[in-house]
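Novice:
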Amino acid sequence: MKVVVAGQGYVGLPLAVRAAEAGHRVVGYDVDPDRVQRLAAAESYVKDVASSRLRAVLDSGAYCPTADAAALAGFDIAVITVPTSLRDGIPECSPTSGRRPGRRSSPPRGWGL
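Here the numbering used here is used: the first residue of the sequence shown is 4, the next is one more, and so on.
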């Protein structure tokens with residue numbers, strides 16, 4: 004299954020890596036080319052993702068970071084993660100609270116998340 008995770012921050016990157024570890028082909032999209040370059044070099048900037056895990060999914064070919072929107076074509080599932088500001092180190096989610104959830108609020112069966 005081809006999975007696109009748009010946004011490779013503290014929410015999107017762990018999701019993308021776990022999906023790749025579960026056996027999916029994952030495109031990790033981000034608009035920041037510097038961030039994508041760091042990911043391609045297996046340099047994790049997210050506490051929840053060790054660089055060794057990132058290196059493993061890159062080496063297996065299961066995860067591909069990109070800033071090229073053309074690489075997103077033909078996905079089976081797309082997840083869009085949005086930036087949230089932090090207040091005292093805690094995500095500030097009030098701008099998104101009260102919003103109606105998307106069609107699926109939990110991962111599909113078999114994702115192992």
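No residue lacks a Cβ here, since even glycine has one placed at the ideal position from N, Cα and C.
(1) In chain order, what residues of the same chain have a beta carbon less than 6 Å from the beta carbon of residue 84, not counting five sequence neighbours either side?
(2) Taking only the alpha-carbon atoms, compute the straight-line gap between residue 72 and residue 46 and give it to the nearest angstrom.
(3) Could you give the uninterrupted runs of the beta strand (DSSP E) lying entirely in the stretch 38-87, keeping only those of 3 residues or more?
(4) So if DSSP puts residue 94 in a beta bridge, which residue, or which two residues, is it bridged to?
(5) Please report how far the alpha carbon of residue 80 lies from the alpha carbon of residue 8, in whole angstroms.
(6) Where residue 63 and residue 22 are concerned, what is the direct C-alpha to C-alpha distance, given to the nearest angstrom?
(7) So residue 26 is in the alpha helix (DSSP H); what residue range does that whole segment cover?
Specialist: Looking at the coordinates:
(1) 10, 14, 15
(2) 22 Å
(3) 66-69, 80-83
(4) 89
(5) 9 Å
(6) 13 Å
(7) Residue 26 -> no alpha helix (DSSP H), and no H or E assigned at all.
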